[in-house]
Structures are given as C-alpha cells and as structure tokens.
Amino acid sequence: MMMKSSVLKPVWAAFLALGLVASISGCAQVSSAKPGTPIADVLKQYGKPVVTCPTKDGGQRMVWTQQPEGQTAYAVQVPKSGLIEAPQQVLSTESFNVMSNGEVWTREMVHCQFGPPANISRDGIGSEEWIWGYRYLRAGDDAQMMYVYLGSTGASVTRYVSQPDPERNPEVMGRR
C-alpha cells in the first residue's frame, strides 16, 4: 500500500527535527571540554552549569546534568587560575562511593557533588526519610537509580542504595 506524500511530510519533518536536536545536543557536551581551557570559554560554548559551588581551595565546582531523564552529569573543577580541570562523569557507582569517605555528607555536599536529583521523595514507617534519586548507568548499560537517604530532616546522608530504575526496567514494576 502506497502512502500519500502529504502524510509522509509530517513524519519526515518530525524525524529531521529529532535528528537535528540529537546532533545539536551531542555537540554541546561539556564532557568534551579540554583541561586547561579558560572557564569563560567553557561557559560560552556549553552554557551555564546547573550547579556552581565554591571549593575549599577558593575555586569552584560546576555541574552540568541531564537529570531528571538523563543518566549523566559532568562536573568541572575550576581552580583560582580559571583554567578547568578534566570534566568528570559523576553519576557512577565509583563516584557515589565517595560518600563512604568517613565524612558526614550534608544535603549541600550531595548537591554540589552530583547536581540536583532526578526526583525527591519521602518514605519510611514512623520516621520518614527524605530520599534523593539519581538516574545512572551501571556497567553494561544497566539502568539504575541511586537512592540517597537524607534522614527525617533532610540534613545529611544516612545511607545510599542502588536499585534498578523502575522507569527503565519495566519488569521491576511488574510490567512487560
């Protein structure tokens, strides 16, 4: 059966628009910024980060993220020199394990380290805890959520747990 070209035009227009958006977003990834680039050039090319926090050494930490739907976030350390260090993908099992370094991790520290979460919820029996959920990929393209529990006041990390992302793993939710 042959389709009329008038039906195909909107379909092709949609595919072309999707391809254009994908190619533009693929080009504008801060992950490709070179160490030693002036931060002004990085901001000009990749736009404003979602999070900017001061660091202990007088520099800044900047995070560009694809949350809530994406699974990556890149952080750039900017020392006083204003020349960036290599961008780091911060949504990974290894990166989340930094919260086991013996420090008390505050909500602000989590925000500065990983950026804003994909979702925020409360859960628990009796004493509900605040939970920040970060979407990420584990080795082998395994879609996960890292749940960071921030206690009943939401002030500091009490624990963190990785589980399959219920939106990306339908079998977890009993759907097929």
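What the sequence shown shows, in mature numbering (1 follows the signal peptide of the UniProt record, and there is no 0), is residues -28 to -1, 1 to 148, in sequence order. Glycine included, C-beta positions come from ideal geometry on N, C-alpha and C. All values reported here derive from a predicted model rather than from experimental measurement.
By the Cβ test, the region 47 to 55 is not in contact with the region 98 to 113, since fewer than three Cβ pairs between them sit closer than 8 Å. Taking C-beta atoms as the reference points, V129 and P88 fail to come closer than 9 Å. Nearest neighbour of G123 by Cα position, chosen from A115, D95, T9, turns out to be D95. In this structure, Q39 and A90 form a Cβ contact; the two beta carbons are roughly 5 Å apart against a cut-off of 8 Å. The Cβ neighbour count for V14, taken over all protein chains shown within 10 Å, is at least 16; the residue is labelled buried. A58 and T44 have their C-alpha atoms spaced approximately 16 Å apart. Residue pairing by DSSP puts E101 in a beta bridge opposite D95. Sixteen is the threshold: when 16 or more other Cβ atoms of the shown chains lie within 10 Å of the Cβ of A5, as they do, the residue is buried.
Runs of the beta strand (DSSP E) lying entirely within the region 24 to 50, each at least 3 residues long, are 32 to 37, 45 to 50 in chain order. For M81, the uninterrupted alpha helix (DSSP H) run begins and ends at 79 to 86, by DSSP. Rounded to the nearest whole angstrom, the C-alpha separation of R140 and G30 is 40 Å. Residue pairing by DSSP leaves S67 without any beta bridge partner.
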